[in-house]
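Down below is the structure, laid out as structure tokens.
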Amino acid sequence: MKLLFIVGAPRSGTTWLQLLLSQSAHISTAQETHLFNEYLVSLEKSWRSHANDVRSRGLQSLYSREQFNSLRKSISDDVFKKILEKKKSASIVLEKTPDHAYFWREILELYPDAHFIHLVRDPRAVVASMRATGKEWNNAWASAGISGLSKLWLSSVRAAEKIPRATSSFRELKYETLNIDTLHDTWSWLGLEETREAAASAFDACAIKNLKTTAAGPKFQPWDVKNEPTAMLRKGDRDAWKSELSSSDIAIVDSICGPVMRKYSYQTIGQGTPLKYRAYCFAEDIARKSENSARHIFRSAKRVM
């Protein structure tokens, strides 16, 4: 069983890529598991919190580090086994949780032969999409603001950029250049002998308009895609951000993500640093200083008491 992890900033097209790849009969996938960033991370945090316990409490009194890793791996092995069972002809398990970009070390610790695909998308398109979906889903993206969403893209990309330092089983793709040949090449990279015609068929089946219907949709649907929230499957228009973001919004994204986005050939167009962003940074700095001051006063009061 080969393991493949798709990572990237949220709203970068990772779900679309997941569906495209899973049109191969040899790849089985499922909804985002959040296995490493939510479930297994709690075990790891607990292990570390007891590492220097003066009373030797915690699982360290029962397990060596190697045995503890085996315990964690038994959980993830079972999860991947269940994903593999969804498609009898599959030999590759594809897991797509964008936030696993931050947990590649934990993944490689348990699965040193794991493969990774990092999908990158123009941060302005990502920010526009996160803001739109955040409003519909009423989640943290809705209140993060353009600055916060830009920093989320930057943080995710920087985290994923570290993966190839630890493994050669890494491939980086851009959303804007995903096409039939890219899909076919990626299948080949995974050791699959799929035809270019199969890649073309997968692209047609996974077109946004077809994902919203039952008849014309993908042959392999790991979950009922048409029942996803409305904002989950948006236009698929690569330049929609140009009409969805104001010039000030674009300038903020450019100011924060500029050096990294230019590395991926996304040209900045914002002019300078907008007044709105400078005001935001000033307010953020004041809030941070106030919070630090409050903590200092609280610690001083505790010492007095």
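Take the sequence shown: its position 132, counting from 1, is numbered 131 in numbering that gives the first Met the number 0, and each next residue is one higher.
Backbone N, C-alpha and C fix where the C-beta goes; we use that ideal spot for every residue, glycine too.
- Counting along the chain, the unbroken beta strand (DSSP E) around residue 28 starts and ends at 26-28.
- In this structure, residue 83 sits away from residue 21, with a CB-CB distance that is not shorter than 8 angstroms.
- The region 16-74 is shown to contain whole beta strand (DSSP E) runs of 3 or more residues at 26-28, in chain order.
- Contact between residue 99 and residue 3 is ruled out by a C-beta separation of about 11 angstroms, above the 8 angstroms threshold.
- Beta-bridge analysis with DSSP links residue 171 to 117.
- A distance below 8 angstroms between beta-carbons, with the five flanking residues on each side excluded, links residue 48 to the following residues of its chain, in chain order: 57.
- With a threshold of 16 other beta carbon atoms within 10 Å, residue 217 meets it and is buried.
- Secondary structure of residue 3 (DSSP, three-state): strand.
- Of the residues assessed, residue 31 falls on the buried side of the cut-off, its CB having 16 or more other CB atoms within 10 angstroms.
- The C-alpha of residue 226 is placed about 30 angstroms away from the C-alpha of residue 159.
- For residue 134, no beta strand (DSSP E) run applies; the uninterrupted alpha helix (DSSP H) run containing it begins and ends at 122-136, by DSSP.
- A distance below 8 angstroms separates the beta carbons of residue 97 and residue 7.
- Residue 93 sits in a strand when the DSSP states are folded into three classes.
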